[in-house]
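Going by the numbering used here, the first residue of the sequence shown is number 7, and it counts up by one from there. Cβ coordinates follow ideal geometry from the N, Cα and C atoms, glycine included. See below for the structure under consideration.
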Amino acid sequence: MPIIADLRADFLNRIGTTWHKAPAELRTELIFALGNLYDRFHQEGLADRHFDQALTSGSPTQHAQRLAELLMAEHLWTHGFDLDSANEGPDFRATKDGHSVWVELVTPEPNGIDPVWLTGNKQGVWKYPHPEIALRYTSALKEKHQKLVGNGRGKVGYLSNGIVAPRDIYVIAINQHLLQRSFRTLSGISQIPVACEVAFAVGPQQLHIDRNTRRIVHSDHAHRPEIPKQVAGKPATTVPADSFLNPSYDHVSAIYAVDLMEEVLVKELPGKPLAREHLSAMAYNPNAANLLPLHLIPAQSHWTATPTNELIEIHRK
7 MPIIADLRAD
17 FLNRIGTTWH
27 KAPAELRTEL
37 IFALGNLYDR
47 FHQEGLADRH
57 FDQALTSGSP
67 TQHAQRLAEL
77 LMAEHLWTHG
87 FDLDSANEGP
97 DFRATKDGHS
107 VWVELVTPEP
117 NGIDPVWLTG
127 NKQGVWKYPH
137 PEIALRYTSA
147 LKEKHQKLVG
157 NGRGKVGYLS
167 NGIVAPRDIY
177 VIAINQHLLQ
187 RSFRTLSGIS
197 QIPVACEVAF
207 AVGPQQLHID
217 RNTRRIVHSD
227 HAHRPEIPKQ
237 VAGKPATTVP
247 ADSFLNPSYD
257 HVSAIYAVDL
267 MEEVLVKELP
277 GKPLAREHLS
287 AMAYNPNAAN
297 LLPLHLIPAQ
307 SHWTATPTNE
317 LIEIHRK
């Protein structure tokens with residue numbers, strides 16, 4: 007079995023190969039930063055038994071998913087959280103200011119998304135894959151929700167086996183990094199984060215026009231509780247997109263949408279613009295059994311909702 011020094015070297019060699027077109031100064035700085043991050047991740051006991059194999063010799067998708075764990079840990083440490091983890095259970099328990107939060111991270115694979123879109127080389131007129139990305143969110147949410155509550159077919163979840171207590175805050179972090187390439191955003195067809203769309207049944211923007219004056223009276227968002235899904239060779243179906251309006255999701259405190267990018271670890275070079283921070287948005291569950299304190303976990307935008315009998319009011323905090 008490879009020793010930790012060999013695994014570390016394999017990981018950093020893989021990073022160097024991935025970034026081989028970057029300026030040498032930037033590549034060296036990134037490798038140094040990730041080496042230190044890798045060391046701390048192990049020293050803090052956050053690496054499970056599958057971590058190093060996936061990071062060093064797994065598929066590109068597996069590598070990206072484990073790299074995201076490193077970047078999420080660094081992000082939370084930077085903002086003052088203490089982290090711990092175990093082989094079984096959510097990825098992290100993050101503690102700060104007397105509050106502890108379970109963070110379950112998922113980096114969805116780009117299944118169903120046009121491969122040409124993912125290369126960033128699409129020419130001419132093209133369509134942003136809003137529904138396909140939203141469907142990857144709903145799939146990720148379902149997977150991590152079942153990890154918490156069980157799948158109803160005999161497999162118990164974290165709540166039943168005592169890993170997560172009934173009064174614990176549980177956040178599902180969805181890393182959108184593999185679902186896009188050059189055009190990076192967390193927003194969906196509604197122009198607000200996809201996390202809000204699939205949590206609160208938010209659809210496209212719509213204009214209300216007075217029939218007599220033909221003037222726009224007001225605008226809002228369409229109610230979209232389901233997203234159409236078409237798989238080749240199978241009948242068309244729909245997928246629920248109203249997780250936080252569904253009582254079965256009451257033990258999920260929030261959705262943390264992120265785009266975790268390793269380039270935030272290095273300084274910007276002249277003529278080489280880089281992302282300075284991870285994209286992030288937090289959608290809070292207003293019906294959660296255990297509410298996540300507003301702004302406890304850092305995000306570029308925070309979204310809450312107030313359901314009424316006739317509509318859902320979405321607020322950016």
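Q: Return the chain-ordered list of same chain residues with a C-beta closer than 7 angstroms to the C-beta of Arg-173, the five sequence neighbours on each side being excluded.
A: Short of 7 angstroms from the beta carbon of Arg-173, and not among the five residues preceding or following it, lie these beta carbons of its own chain, in chain order: Asn-296.
Q) Where does Pro-288 sit, in a helix, a strand or coil, going by DSSP? A) It should be noted that the sequence gives Met, not Pro, for residue 288. Reduced to three states, the DSSP call for Met-288 is strand.
Q. Does the region 235–253 come within contact of the region 82–92, defined as at least 3 CB pairs closer than 8 angstroms?
A. In short, these stretches do not touch, since the Cβ pair count stays below three.
Q.
Checking 8 angstroms against the spacing of the C-beta atoms, do Met-260 and Asn-291 come in under that value?
A. Here residue 260 turns out to be Ala, not Met, going by the sequence shown. For Ala-260 and Asn-291, yes; Cβs fall inside 8 angstroms.
Q | Start-to-end residues for the beta strand (DSSP E) that takes in Ile-175 | A | Ile-175 -> beta strand (DSSP E) spans 175–181.
Q.
Let's test the definition: count the other Cβ atoms within 10 Å of the Cβ of Ile-222 and tell me whether it reaches 16, buried, or not, exposed.
A. Around the beta carbon of Ile-222, fewer than 16 other beta carbons lie within 10 angstroms, which makes this residue exposed.
Q | Boundaries (first-last residue) of the beta strand (DSSP E) holding Val-245 | A | 243–246 is the span of the beta strand (DSSP E), which, as asked, contains Val-245.
Q. Expressed to the nearest angstrom, what Euclidean distance is found between the alpha-carbon atoms of Asn-167 and Lys-161?
A. Taking the straight line joining both Cα atoms gives about 10 angstroms.
Q | Helix, strand or coil at Pro-236 according to DSSP, with G and I counted as helix | A | In the sequence as presented, Pro is not what sits at residue 236; that position holds Gln. Of the three classes helix, strand and coil, the one that applies to Gln-236 here is coil, per DSSP.
Q. How long is the line joining the alpha carbons of Asp-120 and Gly-163, rounded to whole angstroms?
A. So the alpha carbons of these two residues sit roughly 33 angstroms apart.
Q | Which of helix, strand or coil DSSP assigns to Asp-16 | A | Collapsing the DSSP output to three states places Asp-16 in a helix.
Q: Locate the beta strand (DSSP E) running through Pro-121, then write down its first and last residues.
A: Boundaries around Pro-121 are those of the alpha helix (DSSP H), 121–125, since no beta strand (DSSP E) includes it.
Q) For the alpha helix (DSSP H) that Asp-45 lies in, which residues bound it at each end? A) Its alpha helix (DSSP H) spans residues 30–49.
(Q) Taking the alpha-carbon of Asp-226 as reference, which of His-69, His-321, Phe-38 and Arg-72 has the nearest alpha-carbon? (A) Measuring from the Cα of Asp-226, the nearest candidate turns out to be His-321.
**Q.** Inter-residue Cα distance where the pair is Ala-287 and Ser-307
**A.** For Ala-287 and Ser-307, the distance between alpha carbons rounds to 5 angstroms.
(Q) Can you tell me which residues form a DSSP beta bridge with Asp-265? (A) Per DSSP, Leu-285.
Q: Measure how close the beta-carbons of Leu-165 and Leu-154 come, nearest whole angstrom, since I'm counting them as under 8 angstroms.
A: Contact flag correct, Cβ pair sits at about 6 angstroms.
**Q.** Close beta carbons around Ser-196, own chain, < 8 angstroms, minus the five adjacent residues each side
**A.** Excluding sequence neighbours, Ser-196 sits near Cys-202, Glu-203, Val-208, Gly-209, Pro-210, Gln-211 and His-227.
Q) So Leu-184 packs on Thr-113, CB below 8 angstroms; how close in whole Å? A) About 6 angstroms separates the CB atoms of Leu-184 and Thr-113; that is less than 8 angstroms, so the two are in contact.
Q: Using DSSP bridges, identify the partner residues of Leu-322.
A: For the record, residue 322 in the displayed sequence is Arg; it is not Leu. Trp-309, per the DSSP bridge assignment.
Q: Would you kindly work out how many angstroms separate the C-alpha atoms of Val-245 and Gln-152, rounded to a whole number?
A: So the alpha carbons of these two residues sit roughly 16 angstroms apart.
Q: Under 8 angstroms by Cβ, that's how I've got Leu-298 and Val-131 pegged, so tell me the actual separation to the nearest angstrom.
A: Taking a contact as a CB-CB distance under 8 angstroms, the pair Leu-298 and Val-131 does not count as one, their CB atoms being some 41 angstroms apart.
Q: Return yes when the Cβ of Lys-150 is within less than 8 angstroms of the Cβ of Ile-175, no when it is not.
A: No, the Cβ-Cβ distance between Ile-175 and Lys-150 is not below 8 angstroms.
Q.
Nearest by alpha-carbon distance to Glu-365: which of Gly-104, Gly-22 and Leu-32 is it?
A. It is not possible to answer for residue 365, since the shown part of the chain is limited to 7 through 323.
Q. Which class does Val-155 belong to by DSSP, given the choice of helix, strand or coil?
A. In the three-state reduction of the DSSP assignment, Val-155 falls in the helix class, which pools H, G and I.
Q. Buried or exposed: where does Ile-215 fall if 16 or more other Cβ atoms within 10 Å of its Cβ makes it buried?
A. Answer is exposed; the Cβ neighbour count stays below 16.
Q) In three-state terms, what does DSSP make of Glu-110? A) It is a strand residue.
Q) Does DSSP put Lys-148 in a helix, a strand or coil? A) Looking at Lys-148 - three-state DSSP - the assignment turns out to be helix.
Q. Since Phe-98 is in the beta strand (DSSP E), which residue starts that stretch and which ends it?
A. 98–102 is the span of the beta strand (DSSP E), which, as asked, contains Phe-98.
**Q.** Pick from Gly-118, His-301, Val-272 and Leu-285 that is closest to Thr-34, judged by C-alpha positions
**A.** Nearest of Gly-118, His-301, Val-272 and Leu-285 to Thr-34, Cα basis: Val-272.
Q | His-85 - containing alpha helix (DSSP H), residue span | A | It is not in any alpha helix (DSSP H) - His-85 carries neither H nor E in the DSSP assignment.
Q) For Ile-37, which residues from the same chain have a beta carbon less than 7 angstroms from its beta carbon, with the 5 sequence-adjacent residues on both sides left out? A) Only Leu-18, Ile-21 and Gly-22 meet the Cβ criterion.
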